[in-house]
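Sequential numbering of the sequence shown, starting at 1, is according to full-length UniProt numbering.
Take a look at the structure below.
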Amino acid sequence: MGRVLINDTTLRDGEQSPGVAFQASEKIAIAEALYAAGIEAMEVGTPAMGEEECARIRQVRRQLPGATLMTWCRMQAGEIRQSADLGMDWVDISIPASDKLRQYKLREGLPLLLERLAALIHLAHTLGLKVCIGCEDASRAS
Numbered sequence: 001m002g003r004v005l006i007n008d009t010t011l012r013d014g015e016q017s018p019g020v021a022f023q024a025s026e027k028i029a030i031a032e033a034l035y036a037a038g039i040e041a042m043e044v045g046t047p048a049m050g051e052e053e054c055a056r057i058r059q060v061r062r063q064l065p066g067a068t069l070m071t072w073c074r075m076q077a078g079e080i081r082q083s084a085d086l087g088m089d090w091v092d093i094s095i096p097a098s099d100k101l102r103q104y105k106l107r108e109g110l111p112l113l114l115e116r117l118a119a120l121i122h123l124a125h126t127l128g129l130k131v132c133i134g135c136e137d138a139s140r141a142s
């Protein structure tokens, strides 16, 4: 049986809760506590949120050089490149899984989405990143 990798999303998804915005010191303290508890893999943020978020991601990378770190990205090559520049191990590429979300969010069909996704996965691998695919609106996917 292969190794199971548990990826904690507190530092990214938890920050999407209303009224939650981690300071750099809080993000680092949470990451250190998770790592000390045995959580090796963490989704630490979203580069598209801006330079302050990227600075916090860099700080977590410096504090936890042995941790497996991941960023969450949209289907944008620039965000994947940014993740590599930030020293990430993994990138979580978010895709709209349901027909409805694809239609309204990306305005493209499944064949084109899969073609774009394949190119982004190739880019990530070229940059030395491992890839996780996050499916938005998966409960309504056909």
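Note that the Cβ used here is the ideal one computed from N, Cα and C, for glycine as well.
Small disclaimer: the values here were computed from a predicted structure and weren't measured.
(message) Does the contact criterion of 3 or more C-beta pairs under 8 Å hold for the region 39 to 46 versus the region 60 to 75?
(response) yes
(request) Have a look at Ala84, Gln103, His122 and flag the residue whose alpha-carbon is nearest the alpha-carbon of Arg58. (result) Counting from one through the sequence shown, the residue named residue 58 turns up at place 58. Answer by Cα proximity: Ala84.
(message) So within the region 2 to 49, which uninterrupted alpha helix (DSSP H) runs reach at least 4 residues, ignoring any that extend past its ends?
(response) 24 to 36
(request) Determine, using beta carbons only, whether Pro111 and Lys105 come nearer to each other than 8 Å. (result) Taking the first residue of the sequence shown as position 1, residue 111 is located at position 111. Taking the first residue of the sequence shown as position 1, residue 105 is located at position 105. No.
(message) If distances are taken between C-alpha atoms only, which option among Met1, Val4, Tyr35 comes closest to Leu11?
(response) Numbered from 1 along the sequence shown, position 11 holds the residue referred to as residue 11. Measuring C-alpha to C-alpha distances from Leu11 to each of Met1, Val4, Tyr35 identifies Tyr35 as the nearest.
(message) I'd like the list of long-range same chain contacts for Phe22, defined as Cβ closer than 6 Å, with 5 residues on each side in sequence excluded.
(response) By one-based count along the sequence shown, residue 22 stands at place 22. Only residues of its own chain outside the window of five on either side were considered, and among them Glu15 have a CB closer than 6 Å to the CB of Phe22, listed in chain order.
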